[in-house]
């Protein structure tokens, strides 16, 4: 799937989310999502107007910020995040770095 069509769904593994059934999990799918968003507490991607309006470069930069947030702030294991994001055909997942940085809040 292409980055412009993807929706990243995840549930942090930190308070107040750690007692949720999907805590610590991430998946990538396409829109439209079912009403329950697969049980995940956070989503970002093709369901957001700004994501759809970004060019490929800006979308890749946003994905980098999301990736580090998902790992560091939301406590999703890096290997799980990389595996989930590997379904995006036009992003080289190995090029995403895991160094903590100032992130956007999602």
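Numbering (the working numbering), first residue to last: 2 to 107. Don't be surprised by glycine CBs; every beta carbon is placed ideally from N, CA and C.
Of the choices the options, whose alpha-carbon is the least far from that of residue i?
i: residue 30; options: 55, 24, 53, 4; result: 4
i: residue 24; options: 78, 52, 87, 32; result: 78
i: residue 16; options: 100, 42, 32, 91; result: 42
i: residue 32; options: 48, 68, 69, 58; result: 48
i: residue 7; options: 18, 19, 20, 52; result: 52
i: residue 68; options: 19, 18, 80; result: 80
Just to confirm my understanding: we take residue i, look at its own chain, exclude 5 residues before and 5 after, and list those with CB closer than 6 Å. What are they?
i: residue 9; result: 29, 45, 46
i: residue 75; result: 13
Quick check on residue i: does DSSP put it in helix, strand or coil?
i: residue 27; result: strand
i: residue 92; result: coil
i: residue 80; result: helix
Which residues in the same chain as residue i place their Cβ atom closer than 7 Å to its Cβ, once the five residues preceding and following it in sequence are excluded?
i: residue 22; result: 40
i: residue 90; result: 2, 3
i: residue 55; result: 63
i: residue 71; result: 11, 27, 77, 82
Please report the distance separating the alpha-carbon of residue i from that of residue j.
i: residue 66; j: residue 97; result: 9 Å
i: residue 50; j: residue 86; result: 20 Å
i: residue 60; j: residue 101; result: 19 Å
i: residue 99; j: residue 19; result: 22 Å
With the cut-off set at 9 Å, would you say residue i and residue j are in Cβ contact?
i: residue 27; j: residue 64; result: no
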